[in-house]
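S.K.:
There are 2 protein chains.
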Amino acid sequence: MASAAQSPVYRATTTAPVNIAVIKYWGKRDTTLNLPTNSSLSVTLSQKSLRTLTTASASADYPAEDTLTLNGKPQDIQSSKRTLACLSSLRSLRKALEDADASLPKLSAFPLRIVSENNFPTAAGLASSAAGFAALVRAVANLYQLPQSPRELSRIARQGSGSACRSLMGGYVAWRTGEQVDGSDSLAEEVAPASHWPEMRALVLVVSAEKKDVPSTEGMQTTVATSDLFATRAQTVVPERMDAIEAAIRDRDFPKFAEITMRDSNTFHATCLDSWPPIFYMNDVSRAAVRLVHDINRAVGRTVAAYTFDAGPNAVIYYEEKDSELVAGTVKAILGSSASGWEGPFYEPLAQLNTPGVALDKIDTRVLDVLKSGVSRVILTGVGEGPVTVEDHLVTEKGEAIIN
Amino acid sequence: MASAAQSPVYRATTTAPVNIAVIKYWGKRDTTLNLPTNSSLSVTLSQKSLRTLTTASASADYPAEDTLTLNGKPQDIQSSKRTLACLSSLRSLRKALEDADASLPKLSAFPLRIVSENNFPTAAGLASSAAGFAALVRAVANLYQLPQSPRELSRIARQGSGSACRSLMGGYVAWRTGEQVDGSDSLAEEVAPASHWPEMRALVLVVSAEKKDVPSTEGMQTTVATSDLFATRAQTVVPERMDAIEAAIRDRDFPKFAEITMRDSNTFHATCLDSWPPIFYMNDVSRAAVRLVHDINRAVGRTVAAYTFDAGPNAVIYYEEKDSELVAGTVKAILGSSASGWEGPFYEPLAQLNTPGVALDKIDTRVLDVLKSGVSRVILTGVGEGPVTVEDHLVTEKGEAIIN
Chain A
1 MASAAQSPVY RATTTAPVNI AVIKYWGKRD TTLNLPTNSS LSVTLSQKSL RTLTTASASA
61 DYPAEDTLTL NGKPQDIQSS KRTLACLSSL RSLRKALEDA DASLPKLSAF PLRIVSENNF
121 PTAAGLASSA AGFAALVRAV ANLYQLPQSP RELSRIARQG SGSACRSLMG GYVAWRTGEQ
181 VDGSDSLAEE VAPASHWPEM RALVLVVSAE KKDVPSTEGM QTTVATSDLF ATRAQTVVPE
241 RMDAIEAAIR DRDFPKFAEI TMRDSNTFHA TCLDSWPPIF YMNDVSRAAV RLVHDINRAV
301 GRTVAAYTFD AGPNAVIYYE EKDSELVAGT VKAILGSSAS GWEGPFYEPL AQLNTPGVAL
361 DKIDTRVLDV LKSGVSRVIL TGVGEGPVTV EDHLVTEKGE AIIN
Chain B
1 MASAAQSPVY RATTTAPVNI AVIKYWGKRD TTLNLPTNSS LSVTLSQKSL RTLTTASASA
61 DYPAEDTLTL NGKPQDIQSS KRTLACLSSL RSLRKALEDA DASLPKLSAF PLRIVSENNF
121 PTAAGLASSA AGFAALVRAV ANLYQLPQSP RELSRIARQG SGSACRSLMG GYVAWRTGEQ
181 VDGSDSLAEE VAPASHWPEM RALVLVVSAE KKDVPSTEGM QTTVATSDLF ATRAQTVVPE
241 RMDAIEAAIR DRDFPKFAEI TMRDSNTFHA TCLDSWPPIF YMNDVSRAAV RLVHDINRAV
301 GRTVAAYTFD AGPNAVIYYE EKDSELVAGT VKAILGSSAS GWEGPFYEPL AQLNTPGVAL
361 DKIDTRVLDV LKSGVSRVIL TGVGEGPVTV EDHLVTEKGE AIIN
């Protein structure tokens, strides 16, 4: 095909971050709109370590159906109601712009070609759907030159994957449950930018993969429908914790932030265990990570580390940069060469470290053994920014997907 | 010493059973009186498999201090407030009899020599304190010829160890939380005798011992003080379950009994996990036992097995005798010769069995591996009777302890 014969290809490319909740989202009050039963709060993780890169492109010459390629593999958009809902909402907003300004190209009528890739292996067990849907929504919104704010776009991303709405912003992000039945007020908003508390670090302990037993959407439904303890968490416990952790973030009060984070992870997993049939995401390696954090905090004499677990066995350990040696340095000494991932932009304070920050005899010996044999990889990262517009497109000027 | 020169030695000997709760006791509203925050219900296990044997003896010639020997080891009674509380209550009741009838020997004034032994190894990880305190109270009450009913004596045994009050009776036993601050109405009572539903079987999977991290008394206090979900279980969930499981026992409705049993075990462990710091009693082997039971029930197409876990990793699996092959037969096929304990009075229906009741390809392969490597011993038992007066005393006519 000669380039000159083609209609223009419109492109926009963005990155989007992973986020890890400290007040967990678990339970939907509306499964179509992805409306949650409780508010949640997360830390956006640095894209220097983990990010999704997505290019959205549109052209009159593309074959009639929208396409999405993820990590080199074509995805079946038509059977993904969630993806269709996002694209449909974005097209409506573009259509409104075009209706108001006849000079605009009719992008809303063109097929989309979307290409996306993660810079982290799926095997890492990190929820990639949040970054994925945030990048998709942000990329298409950029392509369509939509004026909506990240907060307004979060309503759309939420329909792709609930936690995706929190990946449209950097720093410390709350997703308000909202009260409206149409979900119009169930939106993400920045509680504080990354620059407010940039010292926050996160160390992911990737636990040797066991197949996840219950996917989160199914797990949530089971918990909402069957756990006798669930309503107490959603209605009473979480609202109090949201207020308290927002205050802790405002005050950069790590011990308070840490305790709420750990307790909410525990309460969330407690409601999973209380479901019928019961749901277990944590295993013996996860439990060893819990003990490790308690042992480190006890040995240091103040709370320097906080664990949290999503719907899987991986531990995410939050700490402040000044305590890198005490927390990450101790983990490094425990794992030694049995885990990969001691590298990257957040590794610098640890690179020269050869002794544990906390003497290993302060830690339960079973914990040491279980972690050493059960953690295959770590990811060292920290709080970071929201989506960034970039020019390294995954679709050529001629509309061809670039598969790396 | 010539026998003729001695004062008489009075003796009484009893056995007492272990009980395993299906609605768990967890949380005290009064730590001195051992008053619970919620009612509980247990199945008394057969003494053909597990029992404590205790002789209480009294003599004017004994040295002044009461003594207690357990499994051949002298116990320090004076530092055990709980034992002292039981003995003091029993002496008061005896004293009242003596005051009313001058012809009675003044046993209440004599030192006690109590000798006790369990027929099961402590390593089995079964709560032996319930059987132990029940046997102690029953033996001394027999020695003192007290007229009080088991229900009335349960008030005393409860002060030794909460769950001990349920071991004073056979069959299906409820411990009512009561309302009085003095604990006078916090008593055990028989919901149904063993003969009402004699087909109930219990298979204990003894998980290779890890040191118990948090003793139950301490764990309970932590949960009551810190778990945000605890009050919901104690105040709302358990009262409904007590009604429902008593109806299930009345109707001998195993599937209903089983579901309530499993759910209450899960809810109890959920409140442990929700405690601060969190308490974990179940480990990966326990989780595998949970999965096994769900897989067996799914494969059979009806609920034939129910798991429950106390404050430790051991699984107790309840089933009905008619389903021995489906439940115990499947476990036997999985464990093969890797676990001991396939023997005893309840083994008969399984002795000739060489194939699993449920095809092993219906069970998650990881579950098979984890159980095979993690279960060291089984105990096959069933519902049984309460304490029995016996004549094989552990103290001679001359007052000497018999240490077997």
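Residue numbers (full-length UniProt numbering), protein chains in the order written: chain A, 1 to 404; chain B, 1 to 404. Ideal Cβ positions, reconstructed from N, Cα and C, are used throughout, including at glycine.
1) What residues of chain A sit near residue 420 of chain B, judged by a beta carbon separation below 8 angstroms?
2) Rank A/F230, A/V293, A/V358, A/E400 by C-alpha distance to the C-alpha of A/T303 and give the top, closest one.
3) Going along chain B, which residues have a C-beta under 7 angstroms from A/V237?
4) Under 8 angstroms, with one C-beta from each stretch per pair, do the segment 52 to 71 of chain B and the segment 25 to 39 of chain B reach the 3-pair mark?
5) Who are the near neighbours of A/E321 in its chain, counting only those whose CB is closer than 6 angstroms to its CB and skipping five residues on each side?
6) May I ask you to list the residues that DSSP assigns as paired with B/M200?
7) Taking all protein chains shown into account, do 16 or more other C-beta atoms lie within 10 angstroms of the C-beta of A/S129, making it buried, or fewer, making it exposed?
8) Using three-state DSSP, classify A/R176 as helix, strand or coil.
9) Against chain B, with Cβ distances strictly below 9 angstroms, would A/R176 count as a contact?
10) Tell me the residue span of the alpha helix (DSSP H) that contains B/P255.
11) Nearest chain A C-beta to B/H393 closer than 9 angstroms, yes or no?
12) Evaluate A/R250 with the Cβ neighbour count: other Cβ atoms within 10 Å of its Cβ, from every protein chain shown; 16 or more gives buried, anything less gives exposed.
13) Which residues in the same chain as B/V367 place their Cβ atom closer than 6 angstroms to its Cβ, once the five residues preceding and following it in sequence are excluded?
14) State the Cα-Cα distance for the pair B/N38 and B/L168, rounded to the nearest angstrom.
15) Would you verify that the beta carbon of A/S7 is, or is not, closer than 9 angstroms to some beta carbon of chain B?
16) Would A/F230 pass as a contact of A/V22 if the rule is Cβ separation under 9 angstroms?
17) Could you work out which residues of chain A lie near B/D274, taking near to mean beta carbons separated by less than 7 angstroms?
18) Does the Cβ-Cβ distance between B/L205 and B/L126 come in under 9 angstroms?
19) By DSSP, does B/A401 sit in helix, in strand, or in coil?
20) When you compare each of A/S88, A/D99, A/W197, A/L326 to A/V383 by their alpha carbons, which one comes out closest?
21) Pick out the complete beta strand (DSSP E) segments inside the segment 94 to 129 of chain A, 3 residues or longer, and give them in chain order.
22) Is A/E259 buried or exposed, if buried means 16 or more other CB atoms sit within 10 Å of its CB?
23) Among B/L335, B/Y307, B/V137, B/L35, which has the Cα closest to the Cα of B/G183?
24) Rounded to whole angstroms, what's the CA-CA distance from B/R377 to B/I317? Just pull it up for me.
25) Since B/L350 and B/I334 are thought to touch, with beta carbons under 8 angstroms apart, how far apart are those beta carbons, to the nearest angstrom?
26) What residue range does the alpha helix (DSSP H) around A/R298 cover?
27) So which residues on chain B does A/D284 lean against when the C-beta distance must stay under 7 angstroms?
28) Just curious, the beta strand (DSSP E) that A/Q75 is in, first and last residue?
29) Return the first residue and the last residue of the beta strand (DSSP E) that B/I23 is part of.
30) Hey, out of A/T31, A/R11, A/F268, whose CA is closest to A/D228's CA?
31) Using the Cβ count rule (16 or more neighbours within 10 Å means buried), how would you classify A/D323?
32) Express the C-alpha separation of B/Y319 and B/Q78 in angstroms, rounding to a whole number.
33) Is B/L153 near B/L146, with beta carbons less than 9 angstroms apart?
34) On the three-state DSSP scale, how would you describe B/S42?
35) Look at the alpha carbon of B/A2 and the alpha carbon of B/K398, and state the distance between them as a whole number of angstroms.
36) Should the segment 67 to 86 of chain A be called in touch with the segment 156 to 171 of chain A, which here means at least 3 C-beta pairs below 8 angstroms?
M.R.: The short version:
1) In the structure as shown, chain B starts at 1 and stops at 404, and residue 420 of chain B therefore has no counterpart that could be examined.
2) Checked all of A/F230, A/V293, A/V358, A/E400; the closest Cα to A/T303 is A/V293.
3) Neighbours of A/V237 on chain B, chain order: D228.
4) Touching, no.
5) Once the five neighbours on either side are set aside, the close Cβ partners of A/E321 are E199, R201.
6) Looking at the DSSP assignment, B/M200 forms a beta bridge with B/E320.
7) A residue is called buried once 16 or more other Cβ atoms fall within 10 Å of its Cβ, and A/S129 is buried on that count.
8) In the three-state reduction of the DSSP assignment, A/R176 falls in the coil class, being assigned neither a helical nor a strand state.
9) Answer no: the Cβ-Cβ gap between A/R176 and chain B never drops below 9 angstroms.
10) Looking at the DSSP string, the run of the alpha helix (DSSP H) that includes B/P255 is 254 to 273.
11) Taking Cβ atoms only, chain A never reaches closer than 9 angstroms to B/H393, which makes this a no.
12) With fewer than 16 other beta carbons inside 10 angstroms of its own, A/R250 counts as exposed.
13) Answer for B/V367: A288, R291, L292, listed in chain order.
14) Looking at the two C-alpha atoms, the distance is approximately 19 angstroms.
15) Not one chain B Cβ lies under 9 angstroms of A/S7.
16) The answer is no: Cβ separation not under 9 angstroms.
17) Listed along chain A are N266, T267, A270, each with a C-beta nearer than 7 angstroms to that of B/D274.
18) No, the Cβ-Cβ distance between B/L205 and B/L126 is not below 9 angstroms.
19) Strand.
20) For A/V383, the nearest C-alpha among the options comes from A/W197.
21) Qualifying beta strand (DSSP E) stretches, in chain order: 112 to 118.
22) Classification of A/E259: buried, given that the 10 Å Cβ count is 16 or more.
23) Selection B/L335, B/Y307, B/V137, B/L35 evaluated against B/G183 yields B/L35 as nearest (Cα-Cα).
24) The alpha-carbon of B/R377 is positioned some 14 angstroms away from that of B/I317.
25) With 8 angstroms as the limit, B/L350 and B/I334 do not qualify as a contact, their Cβ atoms being about 13 angstroms apart.
26) Run containing A/R298: 284 to 300, per the alpha helix (DSSP H) assignment.
27) Near A/D284 (Cβ distances below 7 angstroms), the residues of chain B are N283, D284.
28) Its beta strand (DSSP E) spans residues 73 to 75.
29) 19 to 23 is the extent of the beta strand (DSSP E) around B/I23.
30) Taking only the C-alpha atoms, the option nearest A/D228 is A/F268.
31) Buried is the call here.
32) Whole-angstrom Cα-Cα distance: 42 angstroms.
33) Yes. Within cutoff.
34) B/S42: strand per DSSP, three-state reduction.
35) Reliability fails at B/A2, whose pLDDT of 35 lies under 50, so the model's placement of it is uncertain and the value that follows must be treated cautiously. B/K398 has its alpha-carbon roughly 9 angstroms from the corresponding atom of B/A2.
36) In short, these stretches touch, since the Cβ pair count reaches three.
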